[in-house]
Amino acid sequence: APEGDVRAYLVALRRLHARGPERLRPGHGPEITDPRATLARLVAHRNDRERAVLDAVRAGNATPDAVTDAAYDKDVSAVRDLARATVVAHIEKLAAERRVRWDPEAERVEPR
9 APEGDVRAYL VALRRLHARG PERLRPGHGP EITDPRATLA RLVAHRNDRE
59 RAVLDAVRAG NATPDAVTDA AYDKDVSAVR DLARATVVAH IEKLAAERRV
109 RWDPEAERVE PR
């Protein structure tokens with residue numbers, strides 16, 4: 009899930025991976041016949057996105073829009089709202105871990 013609690017999402021993915029299912033039948037989309045690889049890929053993707061968000065903040069990008077522009081290396085204009093929601097979710101995770109300072113009212117983020 010791009011928005012919401014990224015920490016809870018990652019915990020759920022790791023727990024599911026540890027169970028070693030033979031297949032997954034998600035609520036939407038096709039059956040997943042190689043769930044361990046798929047789950048590992050999803051965790052790696054979230055970790056990569058988090059690194060990009062943190063690097064963008066450390067480079068001085070102080071708003072979700074600026075971080076979104078810096079963290080994505082491709083044009084996300086068609087899914088801008090989704091990309092921004094993903095960035096905010098990662099900023100919230102990083103703030104909970106005390107790796108950035110986040111003021112949600114002002115929508116300002118800075119490195120710690």
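For the sequence shown, the numbering used here gives the first residue as 9, with consecutive numbering after it. The beta carbon of each residue, even a glycine, is placed where N, CA and C say it ideally should be. A quick note: this is a predicted structure, and the numbers were derived from the prediction, not measured.
Using three-state DSSP, classify Asp-42 as helix, strand or coil.
-> coil
Please confirm whether Val-75 and Ala-93 have their CB atoms less than 8 Å apart.
-> no
Assigned exposure category for Leu-102 - 16 Cβ within 10 Å defines buried | buried
Determine the closest residue to Pro-29 out of Leu-18, Asp-111, Leu-47 and Asp-13, with distance taken between C-alpha atoms.
-> Leu-47
Contiguous alpha helix (DSSP H) assignments of at least 4 residues, all confined to the region 22–91 = 43–66 and 72–79
May I have the straight-line CA-CA distance separating His-53 from Asp-13, to the nearest angstrom?
-> 16 Å
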